[in-house]
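A short worksheet on the structure shown next.
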Amino acid sequence: MGSVRRVLFRNQLTTIGTFITVATLVMAAFAPWLATHDPLRTNVRNRLQPPSAEHWMGTDEAGRDIFSRAIYGARVSVRVGYAVVALTTLFGLAIGVAAGYYRWLDGLLMRSMDALMAFPSIFLAIAILAALGPNETNVIWALTITLTPATARIVRGVVLSLKELDFVSGARALGARDLRILLRHVVPNSLAPLIVQSTFVLGVAILSEAGLSFVGAGTAPPTPSWGNMLADAKRYLFVAPWMSYFPGLFIVFGVLGLNLLGDGLRDALDPRMRGHG
Amino acid sequence: MQSRSRRAFRAFLVLAASAVLALSALALAQGEPKVGGTLTVGYHNSLQVLDVMGSTSTRDEVWQLVFEPLVTMDANLQAVGLLAESWSVSDDGLAWTFALRQGVTFHDGQPMTSADVIASYERLMNVGARRSEFRRITSVEAPDVHTVVFRTDAPWGALPETFSMPSGAFVVHPAWVVERLGDELMGITDVDLMIGTGPYFVAEIVPNERLVFARFDAYTQPHGEKSGWAGPRGQYVDRIVILPITDEATRSLALFAGEVDIADQLAPEDVARLNADPDTVAAYREPGRRTYLKMNTQQGPFTDPLLRQAVQVAIDLEAAMFTQGPIESWRVNPFVRYQEGQWMWDADVLAEYFPADLERGRELVAQSSYDGELIRYLNRPDLPDQIRPAPIVLELLQDLGLNAELMVVDGATFTTVRRDLGGWEIKSAGGGSVVPLSYLDASGIDRNGEPWSWVGDDWYAQLEIIANDLDDAHRREAVLEINRISAEAAGEIWLGDLFSVVGVRSNVRNVPDWHYMRLFDVWLD
Amino acid sequence: MTTFVVRRLIVTIPVVLLVGIAAFLLVNLTPGDPADFFLDPDSPAEEVVRVRERLGLDQPLPVQFVRWFGGVLRGDLGNSFHEKRPVIDMFARAFPPTIYLTLTSLFLAVVLAVPIGIFSAIRQNSVLDRFATVFVLIGVATPNFWLGLLLIQLFAVNLGWLPAQGFVRPEQGWWPSLRTLILPSIALGYSGAALIARMTRSGMLEVLRQDYVRTARAKGIAENRVNYVHALRNAFNPILTVIGLAVTSLISGSLVVELVFNFPGVGRLVVDSVFRRDYPVIQGSLLLIAGITIVVNLVVDLLYAVTDPRIRYG
């Protein structure tokens, strides 16, 4: 009985997560149609206005519309998030497979991954961004570098466990080429954990982008991102608190949606984990 | 359009007056000075360096507690003696004789003599961050313990002002400290070498956390009237604790919470709230800081004066300044080198150059040789005054039909990029308003000593008068002329002055209403 | 066990070397000249050259690296360009605030999260469990710096209960010190708490479903004893792992939180040094942070061995 209710609750949550995630994508894709104002158009004589019928979330220090900026801010989060997922998956797969499959590469690759993981990610990202310069592309690379090791480890784990299994050693004994084994067995078996990992990476990438932009090392103005909007808001905590409320809520909902979706996907894709989490 | 700009000018004159009224609120009802207590200051700078001679990143308000120069400046930026009692220049204008004030002792108890001044001068020429500005001095000698003579190769009217420069200042160290330091700079924890003649001595420094200064009981007061950095220094509180709090919002919070007695450079948006709270008072400080735009006149599309004029004609200075805060917190001011007080100053002189006429700007763009080249607008986020107008300026450039994009890099990269003339087309810049004359002397020359090509020869003729003429009236006129020449050339567009906001707890008394906080004059009620 | 530790330590040598090279290259490839911070922007080029010489930046990169890394191997991380004092002293000064912040956050996270995780596993699907789920989901999604801003608004600005910024060292009084730690610890600890609660719950559920717990129940051992003693013992390892992970993510998160609360910790040190291009401080701090992370991971691995007799290290 309880477990049925649980499943329903979980399903509801997954539905909510899917909805939020799709909504974020829609927001990013159709920002020009959804925004009520040009996110870059200034109107300084109308600065720091509280939420109103004209400006649903108020205006910022240059008189720009916060609602429209937040809608456009989704574009940065989506671009950074999905680009980082694509790149970490690509590199993680390549490195993880190489390390797991070829023992002679394992030491070198995994020690390098350990070295990367030994840096707390934001410290590493800030150091990288200082070297590359703060802009969206470099944020993507910095986050890719900091988040790839985790993905590589997961893939390597899958590869190692598969190697023990009969059908892989069987295929090998039958003289199947490495590439064929990789494509036929390793990649499909890595998919489920990778998809789950992807939602996690997405969430972390969005939070990290916001954090980096908040400290001034991320998305550069005038492009609005949720993080750099919050950085601007800090000066106006007293006089314009709405500047800090709304971008923060967008981040929380965006990441919340991804996590809910990720949990649902894990339940669906990984039977061993069903009911956990 | 023109009348609007005029109105803006008139408006800021009114505002200037009201800001003065706000300031006097701080100075009112100060009562009798009270001695004792600890003054805690939330300071905007991280204060990594206290070696004022060797670095330009020290802060006047802090080093003035400890170190003193021969000559300092008053509120009108005029040179006034501090460690020097008086000075005179020979008839040929080549020898400056400084009489040192007698009875001055260093924090280590030793008397200050001409030998210390000469040693300090030698250190200045060795490690001084602005030593190149002293290059006209050819020799120094000390006829006796209380006299120092500086000789120059040509008459140099700006010598006393150069000596009063607060950045990279020519302060006097004991000769033994100079010897001990050699070619090295003073580290922030080298407390035992931070020996000066100032009203407070360094008691403790915990870098990034606090700098503690204690009253120097053997201090001998300078004479004269209190103005700017000149005149007697109060020494009311026993200790001054400076907490570096680099974040603006955090400084306001610390003041509200009573964690600090004074906080400087607050957000102007916080002023109303601070004044509504019975425990805190905030006021604007004029003239504060300045912001301007600098166009790359050496390479790229802005080498065409028509394109530069297009930007100058179209820009709405008021809109650009509006991003800085509420209307009371700034004023439009297109003067290149603003020297109110020191120099005659007539707002209308430049008004005609800034009609805020977008249509006229577009016409000028059409007439110019501009052909869709990329305009990179260079900015740094670590200096908020400079980047705040950026959205407005970017919009203006785009509205003019220029292919402009904002290029934001961190401070260190900014400095590197700006040196590469192929790396940017226009950039934000800024600086203090209280700038001694000698800065004019230094401007107009690029970092390799080459003159600016875009201002024309007359600029240099006027500079010559300002730097070398011994008659102040001539120099004043030359300053106005320089501003006109600069507006014609349109290489720099000065936007205005952003007043500093100083907030204090309500028991803090006698914070002078000058641009800089004279912390040694403050007492606690 | 000893061989395991020794082997792990040997393995860290190439990691440390890689970290050192990476830190050095990263810093030296960064645009921006440290000399600029001692000079006015318009200083003549010869002044820049002079300052670069004074800082030792005129040497070729390999020479600089060997000089620096040689020092590191002798335990000398060099001196700060700006403060002209040993990097190790600066780090030693900045480390305690960060460690206090991290530990109080971790403490808050653990005392809050472990009971939540356990109860929501035992009373699965209860109202409390759902409440816990929401707590966890929001916690994982909330940026710590935003939470910090909200906490400052509420508790420091509007209510005036707690300081908004700064850190008072414990030697200046433990209560004032603790007061400065409360808000940043909550801001930093919430996401950690969410992670730990989540792992505790799933770890408990896994164990509760295992055979020996069922056996114990069948044997008639009191329900509570089953839950706590048997299950918790076995759920301990995954919890420990996630706590280990949480420490790393807390150190990482402390960087931004320190900036929000003007906390004189390692995060501030690194960010300030990056903006100032104080090479020795950036390199040394990155190396030390990496070293600390490696040690934390090692300790967590060792704790496994202690808590889980099934794990053997050869």
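As they're listed, the protein sequences go chains A, B and C.
Residue numbering for the first sequence follows our numbering, beginning at -5 and increasing consecutively.
Residue numbering for the second sequence follows our numbering, beginning at 527 and increasing consecutively.
Residue numbering for the third sequence follows our numbering, beginning at 102 and increasing consecutively.
Yeah, the Cβ is synthetic: ideal placement off N, Cα and C, and Gly gets one too.
I want to verify the contact list: residues of chain C whose CB lies under 9 angstroms from the CB of residue 711 (chain B), in sequence order. By 1-based counting over the second sequence, the position of residue 711 (chain B) is 185. Within 9 angstroms Cβ-Cβ: 139, 155, 185.
Are the beta-carbon atoms of residue 117 (chain A) and residue 371 (chain C) separated by less than 8 angstroms? On the first sequence, position 123 is the one that residue 117 (chain A) refers to. On the third sequence, position 270 is the one that residue 371 (chain C) refers to. Yes.
What is the C-beta distance between residue 944 (chain B) and residue 904 (chain B), in whole angstroms, given that I count them as a contact (C-beta under 8 angstroms)? Here residue 944 (chain B) is taken as the residue at index 418 of the second sequence, counted from 1. Here residue 904 (chain B) is taken as the residue at index 378 of the second sequence, counted from 1. Residue 944 (chain B) to residue 904 (chain B), Cβ: 6 angstroms. Contact.
Indicate whether at least one CB of chain B lies closer than 8 angstroms to the CB of residue 131 (chain A). For the purposes of this step, residue 131 (chain A) is taken as residue 137 along the first sequence, with counting starting at 1. No, its Cβ sits nowhere closer than 8 angstroms to a Cβ of chain B.
Does the beta carbon of residue 848 (chain B) come closer than 8 angstroms to any beta carbon on chain A? To locate residue 848 (chain B), count along the second sequence from 1; it is residue 322. Under the Cβ distance rule, residue 848 (chain B) counts among the residues neighbouring chain A, one pair being separated by less than 8 angstroms.
From the DSSP output, in three-state form, read off residue 403 (chain C) for me. Reading the third sequence from its first residue, position 302 is the one you call residue 403 (chain C). Helix.
Judging by CA-CA distance, which residue of B:1007, B:958, B:1051 is the nearest neighbour of residue 1042 (chain B)? Translated into the one-based positions of the second sequence, residue 1042 (chain B) becomes position 516. Looking at the Cα atoms, B:958 is the closest of the given residues.
Which residues in the same chain have their Cβ closer than 8 angstroms to the Cβ of residue 925 (chain B), if we skip the five residues on either side of it in sequence? Stepping through the second sequence from its first residue, residue 925 (chain B) is reached at position 399. Closer than 8 angstroms at the Cβ level, and outside the excluded window around residue 925 (chain B), lie 840, 884.
So the candidates are B:655, B:689, B:575; which of them puts its Cα closest to the Cα of residue 597 (chain B)? On the second sequence, position 71 is the one that residue 597 (chain B) refers to. The option with the nearest alpha carbon to residue 597 (chain B) is B:689.
Three or more beta-carbon pairs under 8 angstroms between the region 703 to 723 of chain B and the region 625 to 633 of chain B, yes or no? yes
Quick one: give me the first and last residue of the beta strand (DSSP E) that residue 811 (chain B) is part of. Translated into positions along the second sequence, residue 811 (chain B) becomes position 285. 806 to 821 is the extent of the beta strand (DSSP E) around residue 811 (chain B).
Given residue 112 (chain A), which residues of its chain have a CB within under 8 angstroms of its CB, disregarding the five upstream and five downstream residues? Here the question's residue 112 (chain A) lines up with position 118 in the first sequence. The answer is none, since no qualifying residue turns up.
Going along chain B, which residues have a C-beta under 8 angstroms from residue 253 (chain C)? Within the third sequence, numbered from 1, the residue matching residue 253 (chain C) stands at position 152. Under the 8 angstroms cutoff, chain B gives 779.
Is DSSP giving residue 19 (chain A) helix, strand or coil here? The residue given as residue 19 (chain A) occupies position 25 in the first sequence. Helix.
Residue 947 (chain B) to residue 41 (chain A), Cα distance in whole Å? Position 421 of the second sequence, counted from the start, is the residue given in the question as residue 947 (chain B). Position 47 of the first sequence, counted from the start, is the residue given in the question as residue 41 (chain A). When rounded, the distance between both Cα atoms is 35 angstroms.
Less than 8 angstroms between CB atoms is the rule here; does residue 253 (chain A) satisfy it with respect to chain C? The residue labelled residue 253 (chain A) in the question sits at position 259 within the first sequence. Output row for residue 253 (chain A): interface = yes.
Tell whether a beta-carbon distance below 8 angstroms holds between residue 758 (chain B) and residue 572 (chain B). Taking the first residue of the second sequence as position 1, residue 758 (chain B) is located at position 232. Taking the first residue of the second sequence as position 1, residue 572 (chain B) is located at position 46. No, Cβ-Cβ distance for residue 758 (chain B) and residue 572 (chain B) is not below 8 angstroms.
Return the CA-CA distance between residue 103 (chain C) and residue 281 (chain C), expressed in angstroms with no decimal places. Walking along the third sequence from the start, residue 103 (chain C) turns up at place 2. Walking along the third sequence from the start, residue 281 (chain C) turns up at place 180. Each residue's Cα considered, the two are about 41 angstroms apart.
Touching by the beta-carbon criterion (3+ pairs, under 8 angstroms), the region 281 to 296 of chain C and the region 354 to 363 of chain C: yes
Leaving out five residues on either side along the sequence, give the residues of the same chain with a beta carbon under 6 angstroms from the beta carbon of residue 113 (chain C). Here residue 113 (chain C) corresponds to residue number 12 of the third sequence, with the count starting at 1. These residues qualify, in order along the chain: 395.
Euclidean distance between Cα positions of residue 276 (chain A) and residue 227 (chain A): Because residue 276 (chain A) is not part of the residues shown, which for chain A are -5 to 271, the question remains open.
What residues from chain A crowd round residue 692 (chain B), counting only those whose CB sits closer than 8 angstroms? Counting from one through the second sequence, the residue named residue 692 (chain B) turns up at place 166. Among the residues of chain A, none has a CB under 8 angstroms from the CB of residue 692 (chain B); the nearest is roughly 28 angstroms distant.
Please work out which residues of its chain come closer than 7 angstroms, Cβ to Cβ, to residue 381 (chain C), disregarding the five sequence neighbours upstream and downstream, and give them in chain order. In the third sequence, counting from the first residue as 1, residue 381 (chain C) sits at position 280. Contacts found: 178, 179, 180, 181, 182, 188.
What are the boundary residues of the beta strand (DSSP E) that includes residue 565 (chain B)? Taking the first residue of the second sequence as position 1, residue 565 (chain B) is located at position 39. Its beta strand (DSSP E) spans residues 564 to 569.
Is the region 99 to 109 of chain A in contact with the region 42 to 57 of chain A, if contact means three or more CB pairs nearer than 8 angstroms? no
DSSP bridge partner residues for residue 739 (chain B) (one or two, in chain order): Within the second sequence, the letter at position 213 stands for residue 739 (chain B). In the DSSP output, where bridge partners are listed per residue, residue 739 (chain B) has B:728, B:766.
Spatially closest choice to residue 705 (chain B) from B:692, B:659, B:738, B:649, by CA coordinates: Translated into the one-based positions of the second sequence, residue 705 (chain B) becomes position 179. Minimum Cα distance to residue 705 (chain B) is reached at B:649.
Would you call residue 561 (chain B) buried or exposed, if buried means 16 or more other Cβ atoms sit within 10 Å of its Cβ? The sequence position of residue 561 (chain B) within the second sequence is 35, counting from 1. So residue 561 (chain B) counts as exposed.
I need the straight-line Cα distance from residue 195 (chain C) to residue 563 (chain B), nearest angstrom please. Sequence index remark: in the third sequence, residue 195 (chain C) carries index 94 (1-based). Sequence index remark: in the second sequence, residue 563 (chain B) carries index 37 (1-based). Those two C-alpha atoms are separated by around 29 angstroms.
Are the C-beta of residue 136 (chain A) and some C-beta of chain C separated by less than 8 angstroms? To locate residue 136 (chain A), count along the first sequence from 1; it is residue 142. Chain C contact via Cβ: absent.
With respect to the alpha helix (DSSP H) encompassing residue 232 (chain C), which residues constitute its N-terminal and C-terminal limits? By 1-based counting over the third sequence, the position of residue 232 (chain C) is 131. Its alpha helix (DSSP H) spans residues 228 to 242.
Out of curiosity, what's the CA-to-CA distance linking residue 590 (chain B) and residue 352 (chain C)? Numbered from 1 along the second sequence, position 64 holds the residue referred to as residue 590 (chain B). Numbered from 1 along the third sequence, position 251 holds the residue referred to as residue 352 (chain C). So the two alpha carbons sit approximately 39 angstroms from each other.
Candidates A:199, A:183, A:172, A:150: closest to residue 89 (chain A) by CA position: Taking the first residue of the first sequence as 1, we reach residue 89 (chain A) at position 95. The option with the nearest alpha carbon to residue 89 (chain A) is A:150.
Please state whether the Cβ-Cβ distance between residue 210 (chain C) and residue 261 (chain C) is less than 8 angstroms. By one-based count along the third sequence, residue 210 (chain C) stands at place 109. By one-based count along the third sequence, residue 261 (chain C) stands at place 160. No, they are not a contact pair.
Mind pulling the alpha helix (DSSP H) runs of 4 or more residues that sit fully within the region 901 to 933 of chain B? 910 to 913, 916 to 925
Residues in its own chain within less than 7 angstroms of residue 83 (chain A) by CB, not counting five upstream and five downstream? Taking the first residue of the first sequence as position 1, residue 83 (chain A) is located at position 89. Contacts found: 145, 188, 192.
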